[in-house]
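Q: When you line the sequence shown up against the numbering used here, it's residues 1 to 213, in that order.
Even for Gly, the Cβ is constructed at its ideal location relative to N, Cα and C.
The structure displayed is predicted, hence computed values, not measured ones.
I'd like to ask some things about the structure below.
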Amino acid sequence: PASERPAAPPPPAALFAGDPAGAAAAAADLAALAAAMEALADPLKPGARRFVFADGTPGAPLMVVGEAPGREEDIEGRPFVGAAGRLLDRMLAAIGRDRADPDPARAVYITNVLPWRPPGNRTPTPEEIARWSPFLRRHVELAAPRVLLILGNTPAQALLGRGGITRLRGQWQTVLGRPALPSFHPSFLLRQPEAKREAWADLLALQARLEEG
1 PASERPAAPP PPAALFAGDP AGAAAAAADL AALAAAMEAL ADPLKPGARR
51 FVFADGTPGA PLMVVGEAPG REEDIEGRPF VGAAGRLLDR MLAAIGRDRA
101 DPDPARAVYI TNVLPWRPPG NRTPTPEEIA RWSPFLRRHV ELAAPRVLLI
151 LGNTPAQALL GRGGITRLRG QWQTVLGRPA LPSFHPSFLL RQPEAKREAW
201 ADLLALQARL EEG
């Protein structure tokens, strides 16, 4: 009978207090982090179809961080599955990486700063980035990649505290003790294909760092 079922543990108090940093810090593993993120009240949530957490292999040497779900991601519930995602897959394949392959020599783990689609695929606001940054940083800690690939201004702002991806790209940074390489978002490359030469240089630098062991 329902009356005999053990009561479910209450969500962390930080969720009720609207404290993203506290809720993120309380997550002991990726499943708990996803649950805390999905439970957190957010103005974007009512207008989105699906919660989009991550794809690929947790613990992979490479973690890719993008901006936010788009239309296709909102439908499928996975990051980077639209046109930009298909380009990302081709870019990763060019350096021997595949999100569908759990082999550590090829594995990739992929997420975004925001788990909910912004209306009309608009750019996330500074307030939205600030709200979700604690979860992203905890996500990095729990996924424990060796190297981060930061795609675009939004994750640069979330993880580095500054944007300006044209100036940042190709310059190694350190995020939570890990090497992190900012580069162009694939959606930008679709709009500005002439930037693919610089993106390819970034990929080669990324490949070299990953092959260092």
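Using the rule of at least 16 other Cβ atoms within 10 Å of the residue's Cβ for burial, across every protein chain shown, is A28 buried or exposed?
A: exposed
Q: Can you tell me which residues form a DSSP beta bridge with T111?
A: A54, V65
Q: Going by C-alpha to C-alpha distance, which of Q171, G152, W172, G170 sits closest to G163?
A: G152
Q: Any Cβ of chain D within less than 7 Å of the Cβ of T125?
A: Note that chain D does not occur in the displayed structure, where there is just one protein chain.
Q: A203: which of R191, A180, R138 sits nearest, CA to CA?
A: Strictly speaking, residue 203 in this sequence is Leu, with Ala absent from that position. Considering only alpha carbons, the answer is A180.
Q: Apart from the five residues just before and just after R209, which ones in its own chain have a Cβ nearer than 7 Å to its Cβ?
A: Same-chain partners within the cutoff: V147, P179.
Q: For W172, is the classification buried or exposed, using 16 other Cβ atoms within 10 angstroms of its Cβ as the cut-off for buried?
A: exposed
Q: Taking V52 as the reference, which of L62, P61, G59, A39 has the closest Cα?
A: For the residues L62, P61, G59, A39, the minimum Cα distance to V52 belongs to A39.
Q: What does the Cβ neighbour count give for T123, buried or exposed, with the cut at 16 atoms within 10 Å?
A: By the 16-neighbour rule on beta-carbons within 10 angstroms, T123 is exposed.
Q: Where does V175 sit, in a helix, a strand or coil, going by DSSP?
A: strand
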